[in-house]
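In our numbering, the protein residues as written are 87 to 304.
Using N, Cα and C, we set each Cβ at its ideal position, and we do this for glycine too.
This structure is a prediction, so every number in the text was calculated from the model and none was measured.
Let me begin by presenting the structure, written as structure tokens, before commenting on it.
Shown next as structure tokens:
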């Protein structure tokens, strides 16, 4: 990918820095940190700096001053995983994007073709219940959390796999207020929209490496 336009959908103003893999300095907002203050609903565009591309992955560091908390959201940008207008990653909605050889990114819409093959790559969850919850999710054999954040009821968030193929491996560990639930992500067991994990997280959408969009689970 060469360029990505995102809309910030958080509930509080935040300072946002975007880092491209293997580059030390942020590619957004650049040299003036004050330009990184983004209001809810604001849009911004990031442009790749690795031969004009965003390389394989970008990390969005979101600092909310009112709660003194930084949340990191990662987006896979090598085109080996689905990405396009309509997709949501954490507090960010993809509005538009371009790839080096494919031009304008296509919208990611629902399809009748679905399945799970080659391990899960992307999952979007929605928090159920009526209370805020502390959410931490870890991929097997990976120390850094895929997400570590306080989530409000009804809020959706997205995680992406971080192994060398961009998948979640065979299993992820989900901690809701410190209580662990494990979710199998190898595609050998049913997984998809409608499935509720740990009684409080509903899978809204997901993708696998070779099977595309996950099918709903009844």
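As assigned by DSSP and simplified to three states, the class of residue i
| i | result |
| --- | --- |
| residue 292 | strand |
| residue 232 | coil |
| residue 190 | strand |
| residue 122 | helix |
| residue 139 | strand |
| residue 277 | coil |
| residue 219 | strand |
| residue 286 | coil |
| residue 131 | strand |
| residue 300 | coil |
| residue 152 | coil |
| residue 169 | coil |
| residue 113 | coil |
| residue 34 | Residue 34 lies beyond the range of the chain shown here (87 to 304); nothing can be said about it. |
Span of the beta strand (DSSP E), counted from its first residue to its last, around residue i
| i | result |
| --- | --- |
| residue 181 | 178-185 |
| residue 158 | 155-162 |
| residue 243 | 242-246 |
| residue 207 | 206-213 |
| residue 104 | 100-106 |
| residue 268 | 265-270 |
| residue 259 | 257-262 |
| residue 92 | 89-94 |
With 16 other Cβ atoms within 10 Å as the buried cut-off, status of residue i
| i | result |
| --- | --- |
| residue 112 | buried |
| residue 146 | buried |
| residue 106 | buried |
| residue 197 | Here residue 197 scores only 48 on pLDDT, less than 50, and its place in the model is too uncertain to base an answer on. |
| residue 253 | buried |
| residue 177 | buried |
| residue 131 | exposed |
| residue 103 | buried |
| residue 241 | buried |
| residue 153 | exposed |
| residue 226 | exposed |
Nearest neighbour of residue i, chosen from the options [CA to CA]
| i | options | result |
| --- | --- | --- |
| residue 187 | 87, 135 and 178 | 87 |
| residue 266 | 276, 249 and 223 | 223 |
| residue 138 | 154, 163, 244 and 278 | 163 |
| residue 298 | 202, 184 and 156 | 202 |
| residue 218 | 276, 262, 155 and 150 | 262 |
| residue 63 | 292, 92 and 302 | Look at the range of the chain in this structure, 87 to 304, and you will see that residue 63 is not part of it. |
| residue 293 | 183, 206 and 279 | 206 |
| residue 250 | 167, 140 and 129 | 167 |
| residue 338 | 239, 98, 231 and 174 | In this structure the chain extends from 87 to 304, so residue 338 is not present and cannot be described. |
| residue 128 | 157, 182 and 94 | 94 |
| residue 287 | 213, 169, 230 and 226 | 213 |
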